[in-house]
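A.B. asks: Take 17 as the starting number for the sequence shown in the numbering used here and just add one per residue.
The following block contains the structure, expressed as structure tokens.
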Amino acid sequence: MTAISSKTKTFDVEEIRKQFPVLHQTVNGKPLIYFDNAATNQKPKAVIDAISGYYSGYNANIHRGIHTLAEKATKAFEETRKTLKAFINAKEVEEIIFTKGTTESINLVASSFGRKFINAGDEIIISGLEHHSNIVPWQLIAEEKGAKIKVIEVKDDGSLDMEQYKLLLSDKTKLVAVNHASNSLGTINPVKEIIDEAHKVGAKVLIDGAQATAHLDIDVQALDCDFYAISAHKCYGPTGTGALYGKRELLEAMPPYQGGGEMIKDVSFEKTTYNDIPYKFEAGTPNIGDVVAFKTALDFITELGKENIARHEDELLAYAKDKIQKIKGVRLIGDAKEKVSVLSFIVDGIHPFDIGQMLDASGIAVRTGHHCTQPLMDRFRIEGTVRASFSVYNTKQEIDKMIEALDRVVKFMK
């Protein structure tokens with residue numbers, strides 16, 4: 017599956033594109049250009065084959081079976097845990113909890129850590145860049161416990177106001193929850209600094225890694241984060257699966273998130289004792305086939321190399337930014353110095369929904385709306401943006417086609 021020249025250290029994009037079946041189709045009579053990668057990226061054939069291979073070859077429930085298929089499925093499932101442990105440099109495999117994705121990972125921490133360790137009068141800090149899935153769970157636990165939420169402000173360029181963040185911290189702060197990279201603007205946050213400052217006041221830190229895991233080097237031990245949430249479908253893997261990293265001492269101190277099979281040691285009508293981590297947090301039959309395929313997706317990223325991925329995507333972002341600013345009436349939203357490959361913009365006098373529809377007529381898939389970040393849109397006093405987000409299989413030629421189509425839309429609508 018080699019798609020990188022060791023001599024030039026650049027992508028052979030055409031070879032990469034061959035691995036993604038969905039890209040080779042027409043939409044509205046035009047070749048598909050897929051720029052909605054921040055919502056979900058496409059899946060290489062190896063990942064698709066891994067899912068099919070599980071269901072056609074060794075579909076069985078895991079951990080409790082002693083027959084051959086069950087043992088094979090269990091081994092494949094746990095191999096993904098080992099791979100993910102290495103991928104983010106967790107200290108132990110037991111610190112990797114499989115979930116439905118980032119949203120469930122955050123809800124697990126809010127429900128379990130929050131119910132045990134957050135009390136009336138405590139404070140939770142989030143940022144103005146957060147996805148709704150890193151806002152609403154904290155609102156629910158704050159309302160339940162009588163805690164207070166404070167918000168790190170967003171500056172005009174889409175970066176966080178770190179001086180204001182430091183002023184928010186106090187001995188009342190019990191948890192800080194921020195994203196590593198913004199899904200809406202692409203801003204890469206200084207999470208190491210955020211974590212270090214929080215730890216000075218004794219607060220724990222959760223990092224929403226949904227937009228970062230496939231793009232940035234993740235070393236949870238070096239970051240010293242307490243929790244890190246991951247979605248497989250933003251890492252070329254299947255939807256409906258992901259993981260939560262948590263430090264052992266915290267996971268062991270937290271009560272179970274859900275009750276059922278697997279998460280128990282012994283059950284009687286009088287008392288139940290709970291399983292060891294990670295199984296304490298993995299009640300019921302998991303999404304086995306997709307977890308198995310998640311390993312293949314992680315292997316895909318590792319083989320390409322995150323440094324190479326980042327270089328390619330940064331080039332695409334810089335190229336698109338330069339081109340799009342030449343179109344009259346276009347205004348970029350979020351221009352932080354450090355960004356993943358997300359380009360959000362508006363066009364004066366044209367609703368983002370209309371732009372999205374007309375680009376779709378040319379076979380170009382972008383995302384429009386508030387991107388599940390309504391408070392951030394309110395901060396910029398806009399309804400929403402058009403968001404083009406780039407991945408390993410995208411090209412400058414595709415960006416040229418988007419720019420040409422957008423220019424036609426603007427001239428037509430004006």
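All C-beta atoms in this analysis are idealised placements derived from N, C-alpha and C, irrespective of residue type, glycine included.
For Glu87 versus Pro391, is the C-beta spacing smaller than 9 Å?
C.D. replies: No, the Cβ-Cβ distance between Glu87 and Pro391 is not below 9 Å.
A.B. asks: Measure how close the beta-carbons of Ala193 and Asn150 come, nearest whole angstrom, since I'm counting them as under 8 Å.
C.D. replies: For a cut-off of 8 Å, the C-beta gap from Ala193 to Asn150 is around 6 Å, short enough to register as a contact.
A.B. asks: If you draw a straight line from the C-alpha of Gly350 to the C-alpha of Ile280, how long is it?
C.D. replies: 47 Å
A.B. asks: Helix, strand or coil for Ile317 per DSSP?
C.D. replies: helix
A.B. asks: DSSP three-state label for Pro47, please.
C.D. replies: strand
A.B. asks: One question on the structure: do Thr203 and Ser247 come within less than 9 Å of each other, judged by their Cβ atoms?
C.D. replies: no
A.B. asks: Would you check if the distance between the CB atom of Ile340 and the CB atom of Val425 is smaller than 9 Å?
C.D. replies: no
A.B. asks: Leu232: which of Ala326, Glu31, Lys61 sits nearest, CA to CA?
C.D. replies: Ala326
A.B. asks: Arg397: which of Ile362, Ala313, Leu124 sits nearest, CA to CA?
C.D. replies: Ile362
A.B. asks: Determine whether the Cβ of Pro368 lies closer than 9 Å to any Cβ atom of chain C.
C.D. replies: As a matter of chain content, chain C is missing from the structure shown, which is built from one protein chain.
A.B. asks: Can you give the Cα-Cα distance for Leu314 and Met429, rounded to whole angstroms?
C.D. replies: 43 Å
A.B. asks: Between the Cα of Ala334 and the Cα atoms of Gln58, Lys353, Lys263, Val346, which residue gives the shortest distance?
C.D. replies: Lys353
A.B. asks: Gly137 and Lys107: beta carbons closer than 9 Å?
C.D. replies: no
A.B. asks: Would Ser284 be called buried (16 or more neighbouring beta carbons within 10 Å of its own) or exposed?
C.D. replies: Within a 10 Å sphere around the beta-carbon of Ser284 sit fewer than 16 other beta-carbons, which makes this residue exposed.
A.B. asks: Leaving out five residues before and five after Glu221 in sequence, what residues of the same chain have Cβ atoms less than 6 Å from its Cβ?
C.D. replies: It is Val, not Glu, that sits at residue 221 in the sequence shown. Within the same chain, Val221 has close Cβ partners Val192, Ile211, Ala214, Cys241, Asp242.
A.B. asks: Using a Cβ-Cβ cutoff of less than 6 Å, which residues in the same chain neighbour Lys263 once the five nearest sequence positions on both sides are dropped?
C.D. replies: For Lys263, same chain residues with a beta-carbon under 6 Å away, outside a window of 5 residues either side, are Asp242 in chain order.
A.B. asks: Between the alpha carbons of His328 and His196, how many angstroms are there, rounded?
C.D. replies: 20 Å
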